[in-house]
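The numbering of the sequence shown is our numbering, which starts it at 7 and goes up by one. Backbone N, C-alpha and C define an ideal beta-carbon position, used for all residues, glycine too. I have placed the structure first, in the form of structure tokens, so that the comments after it can refer back to it.
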Amino acid sequence: MSFLVPCPVCGPRDVYEFRWGGATSRRPTPGAPREVWASYLYFRDNEAGLQEEWWHHRLGCRRWFLALRDTRTNELVRTFWPPAPPDRAAAPEEAGP
Ligand SMILES: [Zn+2]
């Protein structure tokens, strides 16, 4: 089934130009119990409704971005950039020479 994906850089393009990267999830901390890591690696929620996902425009700008997709209709409600990592957001701006 074909549908359009609104790339934040290139605009609406055919879904076959993209690679689906899966639903977003929060990575466990390095010392988390094995059960938490197993759940993170092998189990998915498989929600019926809005789901936040990673998408890659492999035949276009080659950028990764996030999309909010309704899994029941494949409608992409919104696409957006991931938030900046906390260490970058808190870093002071570089001063010029
Ligand atoms: Zn693009």
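DSSP three-state assignment for residue i, whether helix, strand or coil
i	result
ARG40	helix
VAL15	coil
PRO103	Confidence in PRO103 is poor, its pLDDT being 47 and thus under 50, which makes the residue's placement too unreliable to answer from.
LEU65	coil
ASP51	coil
Boundaries of the beta strand (DSSP E) in which residue i is found, first to last residue
i	result
VAL83	81-86
ALA29	25-29
Closest Cα partner of residue i within the set the options
i	options	result
PRO88	VAL42, SER8 and PRO14	PRO14
ASP20	TRP61, THR30 and ARG78	TRP61
SER8	SER31, THR79, ASN52 and GLY55	THR79
GLU59	VAL11, PRO91, GLY28 and PRO92	GLY28
Three or more C-beta pairs under 8 Å: does that hold for the segment 62-79 against the segment 20-31?
yes
Specify whether the segment 32-43 and the segment 70-78 touch according to this definition: at least 3 beta carbon pairs, one from each stretch, less than 8 Å apart.
no
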